[in-house]
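Protein chains: 2
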Amino acid sequence: MSLATDAADKPTLYKRIRADIEKRILTGEWPPGHRIPFEHELVARYGCSRMTVNKALSELAQADLIERRRRAGSFVRRPQHQSAVLKIADIRAEITALGRAYGYELIHRKLRAATAADRDRLGVRKAGKVVSITCRHSADNVPFAVEDRLIDLSSVPAAAAADFSREPPGSWLLHHVPWTEAEHTISAIVADDHTADALAIAVGAPCLVIDRYTWRSARTITAVRLLYPGDSHRLVARFKGG
Amino acid sequence: MSLATDAADKPTLYKRIRADIEKRILTGEWPPGHRIPFEHELVARYGCSRMTVNKALSELAQADLIERRRRAGSFVRRPQHQSAVLKIADIRAEITALGRAYGYELIHRKLRAATAADRDRLGVRKAGKVVSITCRHSADNVPFAVEDRLIDLSSVPAAAAADFSREPPGSWLLHHVPWTEAEHTISAIVADDHTADALAIAVGAPCLVIDRYTWRSARTITAVRLLYPGDSHRLVARFKGG
DNA sequence: TACGATTATATGTCTAGACATATAAGTCAA
DNA sequence: TTGACTTATATGTCTAGACATATAATCGTA
Numbered sequence: 001m002s003l004a005t006d007a008a009d010k011p012t013l014y015k016r017i018r019a020d021i022e023k024r025i026l027t028g029e030w031p032p033g034h035r036i037p038f039e040h041e042l043v044a045r046y047g048c049s050r051m052t053v054n055k056a057l058s059e060l061a062q063a064d065l066i067e068r069r070r071r072a073g074s075f076v077r078r079p080q081h082q083s084a085v086l087k088i089a090d091i092r093a094e095i096t097a098l099g100r101a102y103g104y105e106l107i108h109r110k111l112r113a114a115t116a117a118d119r120d121r122l123g124v125r126k127a128g129k130v131v132s133i134t135c136r137h138s139a140d141n142v143p144f145a146v147e148d149r150l151i152d153l154s155s156v157p158a159a160a161a162a163d164f165s166r167e168p169p170g171s172w173l174l175h176h177v178p179w180t181e182a183e184h185t186i187s188a189i190v191a192d193d194h195t196a197d198a199l200a201i202a203v204g205a206p207c208l209v210i211d212r213y214t215w216r217s218a219r220t221i222t223a224v225r226l227l228y229p230g231d232s233h234r235l236v237a238r239f240k241g242g
Numbered sequence: 243m244s245l246a247t248d249a250a251d252k253p254t255l256y257k258r259i260r261a262d263i264e265k266r267i268l269t270g271e272w273p274p275g276h277r278i279p280f281e282h283e284l285v286a287r288y289g290c291s292r293m294t295v296n297k298a299l300s301e302l303a304q305a306d307l308i309e310r311r312r313r314a315g316s317f318v319r320r321p322q323h324q325s326a327v328l329k330i331a332d333i334r335a336e337i338t339a340l341g342r343a344y345g346y347e348l349i350h351r352k353l354r355a356a357t358a359a360d361r362d363r364l365g366v367r368k369a370g371k372v373v374s375i376t377c378r379h380s381a382d383n384v385p386f387a388v389e390d391r392l393i394d395l396s397s398v399p400a401a402a403a404a405d406f407s408r409e410p411p412g413s414w415l416l417h418h419v420p421w422t423e424a425e426h427t428i429s430a431i432v433a434d435d436h437t438a439d440a441l442a443i444a445v446g447a448p449c450l451v452i453d454r455y456t457w458r459s460a461r462t463i464t465a466v467r468l469l470y471p472g473d474s475h476r477l478v479a480r481f482k483g484g
């Protein structure tokens, strides 16, 4: 085996190949649509086996940086501004990461038969029992977010017995429900009397709303609405270019 | 080679292995923290070579479904609710996808030397020229979003000569700047006089704000603020469980 | 008991082949 | 010119090995 290019291979070879190609795409040397070298050409350039360059190219394809077409070759993909990774952190983690004291307070908890509104919100047709929870998260004793949650007990029966007076329902679910899918909807509203009171802000002040709907294998688990003061809270989504 | 499990391998073997494991994680059969079989055990179970199961496990690790630790094994990771893929679609695409007529209108365009505020917004220190653009996107002639953008001409000199009267600056940049990274910040505000007028909404109505800052290889390209009527517009982020 | 050295082992990377398969490109007939 | 057929080729997947390396577990010593 030989190193056809430059320096010593501190990282592994396939990572270096991947980084080399990534760099050329990033700098624009290889613009969108450009055909990158065939595998056998890269094999010759780096003096390695095909499996090694294949691993590098496969990862680039998985990251949507390139597109691979049989018989045709591999091509640089057009950048997709529209896709970004949004980090909706666990609230406790978010607050402690800011170096502030996390506070949690259960405001309301009720177990009831699902109303029509509940079923609509959870996206289920059958009647069943639900737990409705309202709570507040605070940072250094200042209200940070209010949470209004509905848990489908037919999916998570254990939630009926759970004590949410000290542990937030979000973290409880994280520890008791195996793996989930979720959909987030972000919107803006102005605070009504009730919201303003809960968040200690003025009526008419802007609020950022995150509605999260969570399910597992087509089974509804929970629906939650998080309300943040809109002028102080910000969601940051960083687009990864690979 | 043999098939130790069930049916014929319509998809490829490593995909089947990956899907099998993914399923057990999803259903909760293998909860977070659970050690999944060692590579050599999977090799025995599926009757294939180690590289094949390694490929399956590597992809699961890349998708953050499992964590691999040398000498210890591979473990099911805790679900990460906080990470979601936010689709911030190109506005034109978003509107046409809704089956509505896309409209674009340039409100203001000015080429100027960067002011202190401009440099602050773009995150650059050196003085230089910028293009400032204000424009409006509409759906079926109803205001959909107003865009306020700053382009750094030292990074994108061609933008000085670009005509943004018909083509939105976002799509122009997409076609002229090779590959970019971006950071999005989402917040909520209430409409002031100016905003209310531009979006044809009431003063004090909620607005969703997306601030996008774009760069390439540590070079600033553009900063843009998009304002949407908060009660009608929604950002949807779907969390993929693998 | 606590700590440092040794060992066993699962993963990480890599090779030099192989056959499968989709498809771009060329060929030939209607 | 057009359509159907053939061929060449780049990628997709897979094998049966190999050595490297981080580290959990064990063992030995202070």
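Just so you know, the protein sequences line up as chains B and L, in that order. In this text, residue positions in the first sequence follow the working numbering: the first is 1, and each later residue adds one. In this text, residue positions in the second sequence follow the working numbering: the first is 243, and each later residue adds one. Where is the CB? At the ideal position from N, CA and C, for every residue including glycine.
### Task
Please name the residue or residues paired with C377 (chain L) in a DSSP beta bridge.
L:L348, L:E389, per the DSSP bridge assignment.
### Message
So for V43 (chain B), helix, strand or coil by DSSP?
### Response
In this structure, V43 (chain B) counts as helix in the three-state DSSP scheme.
### Message
Taking the alpha-carbon of P411 (chain L) as reference, which of L:H475, L:R467, L:G275 has the nearest alpha-carbon?
### Response
Closest by alpha carbon: L:R467.
### Reduced DSSP secondary structure (H/G/I, E/B, other) of I25 (chain B)
In this structure, I25 (chain B) counts as helix in the three-state DSSP scheme.
#### Entry: Neighbour flag for W179 (chain B) against chain L, beta carbons, 8 Å
Yes, because at least one Cβ of chain L sits closer than 8 Å to the Cβ of W179 (chain B).
### Task
Would you mind reading off the limits of the beta strand (DSSP E) that contains E214 (chain L)?
Any property of residue 214 (chain L) remains undetermined from this structure, which presents chain L solely from 243 to 484.
### Query
Anyone know if the C-beta pair for L392 (chain L) and L364 (chain L) falls short of 8 Å?
Their beta carbons are under 8 Å apart, which means L392 (chain L) touches L364 (chain L) by this criterion.
### Query
So, are the CB atoms of G284 (chain B) and A202 (chain B) less than 8 Å apart?
One cannot answer for residue 284 (chain B) here, as it falls past the ends of chain B, which runs 1 to 242.
#### Entry: Cβ contact (3+ pairs, closer than 8 Å) linking the segment 122-134 of chain B and the segment 106-113 of chain B
With three or more CB-CB distances shorter than 8 Å, the segment 122-134 of chain B counts as touching the segment 106-113 of chain B.
### Message
Less than 8 Å between C-beta atoms, sequence neighbours within five positions excluded: which residues of the same chain meet that for D248 (chain L)?
### Response
Because D248 (chain L) carries a pLDDT of 41, less than 50, the predicted location of this residue cannot be relied on, and the following value inherits that uncertainty. Once the five neighbours on either side are set aside, D248 (chain L) has no close Cβ partner at all.
### Message
Against T185 (chain B), what residues of chain L qualify as contacts under a CB-to-CB distance less than 9 Å, listed in chain order?
### Response
For a Cβ distance threshold of 9 Å, residue set R476, L477, V478, A479 of chain L lies close to T185 (chain B), ordered along the chain.
### Query
Hey, how far is the Cα of I91 (chain B) from the Cα of K265 (chain L)?
Cα-Cα distance, rounded: 29 Å.
### Message
Which residue marks the beginning of the alpha helix (DSSP H) containing I330 (chain L), and which one marks its end?
### Response
Unbroken run through I330 (chain L): none, as it is neither H nor E.
### Task
Could you have a look at E167 (chain B) and say whether DSSP puts it in helix, strand or coil?
In this structure, E167 (chain B) counts as coil in the three-state DSSP scheme.
### Task
Whole angstroms is fine: what's the gap from L284 (chain L)'s alpha carbon to I278 (chain L)'s?
Using only the alpha carbons, I get a separation of about 9 Å.
### Message
Within 10 Å of its beta-carbon, does L98 (chain B) have 16 or more other beta-carbons around it, so buried, or fewer, so exposed?
### Response
That one is exposed.
### Burial state of D495 (chain L) (16 or more Cβ within 10 Å)
Outside the displayed span of chain L (243 to 484) sits residue 495 (chain L), for which this structure offers no information.
### Task
Kindly indicate if chain B contains any beta-carbon less than 8 Å away from that of I267 (chain L).
Flagged as an interface residue toward chain B: I267 (chain L), by a C-beta distance shorter than 8 Å.
### Task
Answer yes or no: does any C-beta atom of chain B fall closer than 8 Å to that of D435 (chain L)?
Not closer than 8 Å to any Cβ of chain B, the Cβ of D435 (chain L) fails to qualify, so no.
### Query
Taking only beta-carbon atoms, is L450 (chain L) less than 8 Å away from chain B?
Cβ-Cβ to chain B under 8 Å: yes for L450 (chain L).
#### Entry: Euclidean distance between Cα positions of A8 (chain B) and P273 (chain L)
Low confidence applies to A8 (chain B): its pLDDT is 46, below 50, so where it sits in the model is not reliable, and the reading given next is rough at best. A8 (chain B) and P273 (chain L) have their alpha carbons spaced roughly 42 Å apart.
### Query
Between the C-alpha atoms of P143 (chain B) and V190 (chain B), what's the straight-line distance to the nearest angstrom?
About 16 Å.
### Query
For the putative contact between H475 (chain L) and L450 (chain L), defined by C-beta atoms under 8 Å, what is the C-beta separation to the nearest angstrom?
About 6 Å separates the two Cβ atoms, so the contact holds.
### Query
To which residues does DSSP link A440 (chain L) through a beta bridge?
Among the bridge pairs identified by DSSP, A440 (chain L) is matched with none.
### Query
Quick one: is F164 (chain B) buried, meaning 16 or more other Cβ sit within 10 Å of its Cβ, or exposed?
Burial call: buried.
### Cut-off 8 Å between Cβ atoms - residues of its own chain near K371 (chain L), not counting five sequence neighbours on either side
Once the five neighbours on either side are set aside, the close Cβ partners of K371 (chain L) are L353, R354, A355, A356, L395, S396, A402.
### Message
Taking the straight line between their C-alpha atoms, what separation do you get for G73 (chain B) and E39 (chain B)?
### Response
Computed Cα separation, rounded: 8 Å.
### Task
Give me the Cα-Cα distance between Y46 (chain B) and R458 (chain L), rounded to the nearest whole angstrom.
For the pair Y46 (chain B) and R458 (chain L), the Cα-to-Cα distance works out to about 27 Å.
### Task
Could you tell me whether the Cβ atoms of T294 (chain L) and L268 (chain L) are closer together than 8 Å?
Against a cut-off of 8 Å, the Cβ pair of L268 (chain L) and T294 (chain L) comes out as no contact.
### Query
So L477 (chain L) and T214 (chain B) are in contact, right, with Cβ under 8 Å, and what is the actual spacing, rounded?
With a beta-carbon spacing of about 17 Å, L477 (chain L) and T214 (chain B) fall beyond the 8 Å limit used to define contacts.
### Query
Is the Cβ of L86 (chain B) closer than 8 Å to any Cβ of chain L?
At least one chain L Cβ lies under 8 Å of L86 (chain B).
### Message
Quick check on DSSP: helix, strand or coil for H184 (chain B)?
### Response
Here H184 (chain B) sits in strand by DSSP.
### Query
Of the choices B:Y102, B:R212, B:S58, whose alpha-carbon is the least far from that of A479 (chain L)?
Of B:Y102, B:R212, B:S58, the residue nearest in Cα terms is B:R212.
### Query
Would you say P399 (chain L) faces chain B, with C-beta separation under 8 Å as the test?
Judged by the 8 Å Cβ criterion, P399 (chain L) is not in contact with chain B.
### Message
Contact criterion: CB-CB distance below 8 Å. Does R216 (chain B) meet it with respect to chain L?
### Response
Put simply, the CB of R216 (chain B) is near chain L, with a gap under 8 Å to one of its CB atoms.
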